[in-house]
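What follows is a single structure, written as structure tokens, with notes after it.
Residue numbers (our numbering): 2 to 314.
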């Protein structure tokens, strides 16, 4: 328990640094929130009054300390553009992003694990070359290009799936799944490529181990050797990669959510950046950082469950 608490406390400097950097970086973006809200034809007095109302006329250090003090108490402020509270806005966007991330990871694992195991156990065969080629294509292909290609194939040429949008999974589960397919495939393909390569590499290393050779010498079936001895010992790097991928997905996949108009945290952040909506950008970046460090922390805990050597050390 002490180790867990120490690890959690060590995450606080990371979150503080993230809040500091995001706060000042967004201020470097050209543009004025008051001007963006009132329009180019607004008079100087109205702009100055709005800047004063939003406390944008205060020194940056004062603004940051005020914002940070409110965040510590759970107050993320209000959106400059819509006036809505930022925290409910972020939670509302986090749900669609989490559903999309979950579907993408499932697709990735369904493709990557079997392909990686087959490529490793049949090294230098046709199936190995094919899996490696597909993984290379998946890594090289920009996600926005794959998304547009899927829209062309499955929404325009074969109009069987909607090209963009979102439906509530509770109100219309069928429509939700139809809208989910294309963005989940776009993300899942890129994730599968990296996971497949990692699975192949770690499996190749484990398959050369003495205990695997011993298991084969005892006459065990190949499937028992691979699934019972090799795969469990190759899990740590794969779990690490999946944890990083989930953190990135929950942080909002900006391009994919923008291409498919998916109302997630990534699209919310992009819209807020264009509108110079500082509170929303700062809150979304901080929420992303919190999710990322928590998922990495949970990943470390999972190590101790899948590999007793980690728990002992």
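Using N, Cα and C, we set each Cβ at its ideal position, and we do this for glycine too. Keep in mind it's a predicted model, so treat the numbers as computed, not measured.
Secondary structure at residue 223: helix, using DSSP grouped into helix, strand and coil. Contact between the region 47 to 63 and the region 92 to 105 is absent: fewer than 3 CB-CB pairs across the two stretches fall below 8 Å. At least 9 Å separates the beta-carbon of residue 51 from that of residue 69.
With a threshold of 16 other beta carbon atoms within 10 Å, residue 247 meets it and is buried. For residue 138, the enclosing alpha helix (DSSP H) has its first and last residue at 127 to 141. Judged by beta-carbon spacing, residue 36 lies within the 9 Å limit of residue 48, meaning their Cβ atoms are closer than that value. Taking residue 112 as reference, the option from 123, 126, 96, 132 with the minimal CA-CA separation is 132. Excluding its 5 nearest sequence neighbours in each direction, residue 88 has C-beta neighbours in its own chain below 6 Å: 77, listed in chain order. Membership of residue 18 in the alpha helix (DSSP H) is indicated by the continuous run 13 to 29. Residue 244 is positioned such that its CB atom lies no closer than 9 Å to that of residue 194.
Taking the Cα positions, residue 114 is about 15 Å away from residue 230. Counting along the chain, residue 210 sits inside no alpha helix (DSSP H), nor does DSSP assign it H or E at all. Within 10 angstroms of the beta-carbon of residue 283 lie 16 or more other beta-carbons, which makes it buried. Residue 42 sits in coil when the DSSP states are folded into three classes, being neither helix nor strand. Membership of residue 69 in the alpha helix (DSSP H) is indicated by the continuous run 61 to 73. Cβ contact annotation for residue 169 (same chain, cutoff 8 Å, sequence separation greater than five): 177, in chain order. Counting along the chain, the unbroken alpha helix (DSSP H) around residue 109 starts and ends at 87 to 122.
According to DSSP, residue pairing for residue 79 in a beta bridge involves 86.
In the three-state reduction of the DSSP assignment, residue 144 falls in the helix class, which pools H, G and I. Relative to residue 19, the option among 82, 287, 241, 301 whose CA is nearest is 287. Per DSSP, reduced to three states, the secondary structure at residue 49 is helical. If you look at residue 304, you'll find it in the alpha helix (DSSP H) that goes 279 to 307. Judged by DSSP in its simplified three-state form, residue 189 adopts helix. In chain order, 118, 122 place their CB closer than 7 Å to the CB of residue 227, counting only its own chain and leaving out the 5 sequence neighbours on each side. Taken atom to atom, the span from the alpha-carbon of residue 74 to that of residue 254 is near 28 Å. In this structure, the beta-carbon distance from residue 188 to residue 250 falls below 9 Å.
With respect to the 9 Å criterion, residue 148 and residue 184 are classified as neighbours on the basis of their beta carbons.
In the three-state DSSP reduction, residue 36 falls in the helix class (H, G or I). If you ignore the 5 residues before and after residue 307, its C-beta comes within less than 8 Å of the C-beta of 233, 236, 237, 240, all in its own chain and listed in chain order. Under the three-state reduction of DSSP output, residue 254 falls in the coil class, being neither helix nor strand.
About 6 Å separates the CB atoms of residue 266 and residue 285; that is less than 8 Å, so the two are in contact.
For residue 56, there is no enclosing alpha helix (DSSP H), as DSSP marks it with neither H nor E.
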